[in-house]
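In the working numbering, the protein residues as written are 13 to 146.
We treat Cβ as the ideally placed atom computed from N, Cα and C, and that holds for glycine.
As the structure is a computational prediction, the values presented were derived from the model and not from experiment.
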């Protein structure tokens with residue numbers, strides 16, 4: 013079996029708000045929930061391909077407070093079918109846009125950047141298949 017990244021886990025302050033963001037706004041699917049001592053988790057992923065994102069709410073952060081991001085995580089990529097429509101849905105829901113959808117010259121993609129409910133930077137990526145310069 014080839015080595016792949018299975019899932020990435022981020023700490024969230026409001027589990028249901030994060031589920032709403034990643035499932036209802038970005039289009040990922042809820043794969044399951046796990047409750048272990050001091051942690052409630054929800055796993056989200058695409059229907060096909062890619063890894064999973066694990067959203068984890070720790071008991072010691074049950075009261076709303078900002079998540080300390082440190083400086084290790086830069087951004088999370090989420091592949092979408094329609095970058096502009098997904099970005100608009102996120103912005104209309106009241107989330108911060110960091111960069112409007114834009115076609116990158118170097119790669120055949122359209123990207124936009126938004127902040128999730130806890131301030132994690134999310135890059136929305138639409139692969140359009142058009143060679144650069146076309």
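Residue i - partner residues in DSSP beta bridges
{"i": "residue 44", "result": "55"}
{"i": "residue 139", "result": "121"}
{"i": "residue 79", "result": "Answer by DSSP bridge pairing: none, since residue 79 is not bridged."}
{"i": "residue 68", "result": "23, 53"}
Whole-angstrom distance between residue j and residue i, CA atom to CA atom
{"i": "residue 39", "j": "residue 32", "result": "10 Å"}
{"i": "residue 49", "j": "residue 27", "result": "16 Å"}
{"i": "residue 64", "j": "residue 138", "result": "18 Å"}
{"i": "residue 55", "j": "residue 62", "result": "13 Å"}
{"i": "residue 98", "j": "residue 79", "result": "25 Å"}
{"i": "residue 19", "j": "residue 66", "result": "7 Å"}
{"i": "residue 23", "j": "residue 140", "result": "32 Å"}
{"i": "residue 146", "j": "residue 46", "result": "Confidence at residue 146 is low in this model, with a pLDDT of 49, below 50, so its placement is unreliable and the value that follows should be read with caution. Those two C-alpha atoms are separated by around 47 Å."}
{"i": "residue 123", "j": "residue 108", "result": "15 Å"}
{"i": "residue 104", "j": "residue 25", "result": "22 Å"}
First and last residue of the uninterrupted beta strand (DSSP E) at residue i
{"i": "residue 114", "result": "109-115"}
{"i": "residue 91", "result": "88-91"}
Helix, strand or coil at residue i according to DSSP, with G and I counted as helix
{"i": "residue 132", "result": "coil"}
{"i": "residue 60", "result": "coil"}
{"i": "residue 126", "result": "strand"}
{"i": "residue 31", "result": "helix"}
{"i": "residue 37", "result": "helix"}
Limits of the alpha helix (DSSP H) - the one that residue i falls within
{"i": "residue 102", "result": "95-104"}
Rounded distance between the beta-carbons of residue j and residue i, thought under 8 Å
{"i": "residue 51", "j": "residue 71", "result": "7 Å"}
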